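S.K.: Here it is, the structure in full.
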Amino acid sequence: MTEGDEVAVLGVRVRLGAGGTVDDVRALKTWLEREEPLAELLAEEKLSIEARTSTDGTRGQLGPDLELVLKLLGDVVTIAALTEYTARAVKTWTNNRRRLQSGDPEPQIRTLDTDGE
């Protein structure tokens, strides 16, 4: 797929709550990139995962909240399937994090419309 061919159609947003840190966002992104079947979609260039500043105008206690956005690149899987894959991976990551660290990032998952919002 060339750069001009990439068209983000739909996706899923994962936002960590007040207990989440920049390190948590990085760790969760790495976790998602390694989780099957998300890793397969990434390898096939059918999915992108990016960390970005929250776009809804809310601000955390220490500045803008960060979020992860998983975007489907083309019509490869349903948004329901992507949401299920993501929710399962986020739940596993959250449970592992709770065992290792204090605080609770309280991840929130929601689907994106065709405008990416």
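Quick note on numbering: my numbering labels position 8 of the sequence shown as 186, and the sequence is numbered without any gaps.
The beta-carbon is built from N, C-alpha and C at its ideal position, and this holds for glycine as well.
This one's a predicted model, so the numbers in the text were calculated from it and none came from an experiment.
(1) Looking at the structure shown, is E222 part of a helix, part of a strand, or coil, going by DSSP?
(2) Going by other Cβ atoms of all chains shown within 10 Å of its Cβ, with 16 needed for buried, is G198 buried or exposed?
(3) Which residues bound the alpha helix (DSSP H) around L210?
(4) Here's the rule: buried if 16 or more other CB atoms are within 10 angstroms of the residue's CB, otherwise exposed. What is E214?
(5) Can you look up A196 in the DSSP assignment and give me helix, strand or coil?
(6) Roughly how many angstroms separate the alpha carbons of A196 and V203, rounded to a whole number?
(7) May I ask which residues mark the beginning and end of the alpha helix (DSSP H) holding T270?
M.R.: Let me lay it out:
(1) Taken through DSSP and simplified to helix, strand or coil, E222 comes out as coil.
(2) Classification for G198: buried.
(3) Unbroken alpha helix (DSSP H) run through L210: 200 to 212.
(4) By the Cβ-count criterion, E214 is exposed, with fewer than 16 other Cβ atoms from all chains shown falling within 10 Å of its own Cβ.
(5) The answer is coil: DSSP assigns A196 none of H, G, I, E or B.
(6) Rounded to whole angstroms, A196 to V203 spans 12 Å at the Cα level.
(7) Note, T270: alpha helix (DSSP H), 257 to 278.
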